[in-house]
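Data block below; observations after.
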Amino acid sequence: MREISTDEILGPLNEQQRAAVTQIDGPLLILAGPGSGKTRVITHRIANIIAHGVPSFNVIALTFTNKAAEEMRVRLKRLVPDNRTWTGTFHRFCSRLLREHASLVGLKPNFTIYDMGDSKKVMKQAIANVEVDLRHYSPDMLINQISNVKSSGITAADFQPRPGHSLDAIVAKVYPEYQKLLKMANGVDFDDLLLHAVDLLTNSPEIRKALDLKCTYMMVDEYQDTNLAQYKLIRLLNHSVQNLAVTGDPDQSIYGWRGANIRNILEFEKDYPAVNVVRLEQNYRSTKSILRVADQLISNNRQRKEKKLVTNNAEGEPARLVTFPSPQDEGFDIADSIALAVQKGERRPRDFAILYRANYLSRSLEHSLRSVGVPYQVVNGHEFYQRKEIKDVMGYLHLLNNPDDNVALERVINVPPRKIGKVTLTRLRNFAQDSNISMLEAARNAEQIDSISKSPTGKIASFVSMYDRLASVPTEEVELVLKAILEETGYRDWLTDDGSEEGFERARNVDELVVAAQEYDRDHPDPTESGGLEGYLEQASLVSDTDIWESEADFVTLMTLHGAKGLEFPCVYIVGLEDGILPHERSSGDDDEIEEERRLLFVGITRAQEQLQISRCMNRFRKGSYWPAIASRFLMELPREEMQIFEPASSHHFDEEALADSIADLDPWMHDGLPSYDINDDVGPSIEIHDPPEDGDGSLGDVVRESIAVAQSESGTTGDFSNSGEGATGKTAAAFPRIVTAAQIEAEQAAMQAHVRLHPESYKVDMEVEHPEYGIGVIVEITGKGTKRTATVDFERLGKKRFRLAFCNLRVN
DNA sequence: TATTCGCAAGTTTTT
DNA sequence: CTTGCGAATA
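Counted the way numbering that gives the first Met the number 0 counts, the first sequence spans residues 0 to 812.
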């Protein structure tokens, strides 16, 4: 191993950072403000520990996201090229541990990790099985409650309902049943990964001790986000030796709703009395003015460890506080200003991030960015894996890897349709549960099940034999397994059978999955080292949304405030600062929850390096129509006197009722990404915030696209991230963000020019129109208005059909 | 008994 | 818009 010089490790550090890095033994609490070089401290500290003779494989670093783990791994490798330090997420750590000792917690090593949707199905089944009265609670509330119990490290056997607590009483019944079903399916949910690991280490002292001795130096990142189960896990692994260093920032604790316990960090000093506390307060990220905004906001929180934020960075521009009439204005204004900055050559798309409280808020922003021609990526990780076609194909993979996976079997047994229906399935399920075998096993013996009549038996038998043919395919290369599935089941052909555009879209997604599998195989050639089917499935289950973010590519980033934690951008827009959105209406209960929402905004603000704009709208689309929106209370907690404030001009002829009407009529247009006409025109001019771009001569978009093309070709050569090591995230995950490239936008616009879809009022009788399915026809009658405006079209081949013009896909040549 | 169609309801954050 | 659920239909 190469000798690392002390200079190399300590040189680039400030005094506080150095204090954290040079402490090797004993407990250490690093309170790290945003942008304070936390990752640098962790990696340099590990390097220092190794430099002092500790074998690198005795050091382990736990993070929350794969992205953070990956970054740590890469940066550590730069300092200590051939280290064998394990870096990864809690969940991955536990998953590894459980696969090794599965039988000790009643699992088999090939267990399935269920996502939320699948867990929900199991939960519904459990609820049905125990016949509880759910009149006063929804399944979602129950899922939540059980998740909370699990996050506290309480197993089904240990659970004690509080007397007189009706939800607890239900949990006491459903929780054990839910666990029973999971166990039968050889599956775990996310909470189980932690819970079972804690269970394992608690009940197997030898394993606990061995692991404790192996992990002699432990680092935990984002400690403020740990829940009780994670806390227990950490304690179990720091029993014999307490060389534990945790980093965190109570002001950035934003996962309380998930069971994260801010107490863990606030009381770390009580848990480990010998602790040394280091504060990293020097900020290297943001301008002074941005930092003051963050500081003043967070000072409204009572539950916190007082912490200063100081920086030597420039004063910078004042932050901007803007009020827009509507989300359309908000979107177009942001898109325009980004396009302008890119056009002038001041910025590149990747310098910008637009952050919001909830995913649905990205819609109008996407629409605007498209119209203006700015490439963007929406970081919404599970979206891809949540698609039906992807879940179906993954279902087959899961069933092959884990034949007990009943959820997967129920998902795929009749997809594509094999004429095996609900009733048959229920009988199969009941038989399996009664005989304590898997549903696949039950299917093998279908002819012995009295309740199942003759005709479905044959269908089931042919499904089973198809499964057996697939099961004979070697699982070392995921790509081959995937292709065999598509071939054998005819799934892909079934998608495109009806010739619809949607079908082709789905088939493309499936193809993308095959490409991802290819890449996975390439990056994980060794089946024993997380390669092969099992490794692939595990990784697919444990990717999160920020993991999927492409930092190298030149796109504007759209993501939730939660997703943005740990990242930084030169220019940040935070949108939707409205009561009910931020703070969110479903969390505006007590002070604690308001404080968490405030921290969420604090996280958003502190992502910004140079420019920050916070905005809100006076109207927001909710429950089918536009409603006046109230400004977020947080806006009054900002240092308004030093910010640039923009309100709509008073002369602006703004008629709320007319706006609501006009936009309600237009709503279908908002979602479908077809900017046939500019909603702005109906609303009136947007407020003047900066110089409006030159009138529409089309040159703006072109210039933007051109500079984007250049940027992309540059990043293509420089941005090759050669990730060796374990490659937890790897490129597989990187293939899935919803990216809209300049080329795509161009193609779309070209297509739109060829076939133009019109405003509902613009269609006239006798017009010739084209429909994607029915072909060419002539409008013979038009009635109604607004969204009810309906045309009757006489098609050459199929005769007359009626269409609601606002929704249909009729185009004029 | 499976499939398809129509209608109603609903949209926080995520490992 | 999307998803899920129930009723009609083949």
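Cβ atoms here follow ideal geometry from the backbone N, Cα and C, with glycine treated the same way.
Residue i burial status per 10 Å Cβ neighbour count (16 or more: buried)
| i | result |
| --- | --- |
| ILE451 | buried |
| PHE89 | buried |
| SER285 | buried |
| GLN229 | buried |
| MET122 | buried |
| GLY32 | buried |
| PRO524 | exposed |
| GLN16 | buried |
| ALA137 | Correcting the residue type first, residue 137 is Ser in the shown sequence and not Ala. Exposed. |
| MET635 | exposed |
| ASP157 | exposed |
| SER150 | buried |
| GLN643 | exposed |
| VAL627 | Here residue 627 is Pro; the residue named in the question, Val, does not match the sequence. Exposed, since its Cβ has fewer than 16 Cβ neighbours within 10 Å. |
| ILE419 | buried |
| LYS107 | exposed |
C-alpha gap between residue i and residue j, whole angstroms
| i | j | result |
| --- | --- | --- |
| MET438 | HIS135 | 32 Å |
| ASN260 | THR225 | 6 Å |
| LYS76 | ARG410 | 42 Å |
| SER499 | MET393 | 23 Å |
| LEU308 | TYR283 | 10 Å |
| GLU176 | ALA125 | 6 Å |
| VAL255 | ASP6 | Reading the sequence as shown, one finds Gly at residue 255 and not Val. When rounded, the distance between both Cα atoms is 40 Å. |
| ARG349 | ALA515 | 24 Å |
| LYS179 | MET115 | 17 Å |
| LYS37 | LEU96 | 28 Å |
| LYS564 | GLY603 | 8 Å |
| PRO736 | PHE383 | Low local confidence applies: a pLDDT of 44 at PRO736 is under 50, so the model's placement there is unreliable, with the coordinate-based value given in what follows. Rounded to whole angstroms, PRO736 to PHE383 spans 8 Å at the Cα level. |
| ALA460 | LYS390 | 23 Å |
| ASP578 | ARG72 | 40 Å |
| ILE580 | ASP496 | 42 Å |
| GLY697 | LEU611 | Interpretation of GLY697 is limited by its pLDDT of 33, a score under 50 that renders its predicted location unreliable; no figure is taken from the coordinates. |
| HIS366 | ALA352 | 16 Å |
| ASP270 | GLN302 | 19 Å |
| GLN342 | TYR572 | 19 Å |
| VAL277 | ARG262 | 18 Å |
| ASP167 | TYR174 | 10 Å |
| ASP81 | ALA506 | 42 Å |
| SER4 | GLN22 | 17 Å |
Check whether residue i and residue j have beta carbons under 8 Å apart
| i | j | result |
| --- | --- | --- |
| LEU279 | VAL40 | yes |
| ASN401 | ASN185 | yes |
| ARG606 | PHE568 | yes |
| ARG615 | ALA630 | yes |
| THR84 | PHE56 | yes |
| THR201 | ILE29 | no |
| MET218 | ILE8 | no |
| PRO324 | MET140 | no |
| LEU364 | ILE333 | yes |
| TYR113 | VAL187 | yes |
| ASN358 | GLY258 | no |
N-terminal and C-terminal residue of the beta strand (DSSP E) that residue i is part of
| i | result |
| --- | --- |
| SER614 | 607-616 |
| CYS570 | 568-573 |
| VAL377 | 375-377 |
| TRP493 | Counting along the chain, TRP493 falls outside any beta strand (DSSP E), though it belongs to the alpha helix (DSSP H) covering 490-495. |
| PHE323 | 319-323 |
| ALA244 | 243-247 |
| GLY87 | 85-88 |
| ASN401 | Premise fails: ASN401 is in no beta strand (DSSP E) and is neither H nor E. |
| PHE645 | 643-645 |
| ASN275 | 275-279 |
Delimiting residues of the alpha helix (DSSP H) encompassing residue i
| i | result |
| --- | --- |
| GLY531 | 531-541 |
| ARG72 | 65-78 |
| TYR230 | 227-236 |
| VAL472 | From DSSP, VAL472 is part of no alpha helix (DSSP H); its letter is neither H nor E. |
Point to revise | Inter-stretch contact at 8 Å, needing at least 3 Cβ pairs: the region 587-606 / the region 294-303 | key: The region 587-606 is in contact with the region 294-303.
**Study point:** Segment contact flag, the region 370-381 with the region 556-570, C-beta cutoff 8 Å, min 3 pairs
**Key:** They touch, by the three-pair rule.
Point to revise | Three or more C-beta pairs below 8 Å linking the region 470-481 and the region 515-533 | key: Pairwise C-beta distances place the region 470-481 in contact with the region 515-533, as three or more of them are shorter than 8 Å.
Point to revise | Stretch pair the region 475-485 + the region 424-443: three plus CB contacts closer than 8 Å | key: Using a Cβ-Cβ distance cut-off of 8 Å, the region 475-485 and the region 424-443 are not in contact, since fewer than three pairs of beta carbons, one from each stretch, lie closer than that value.
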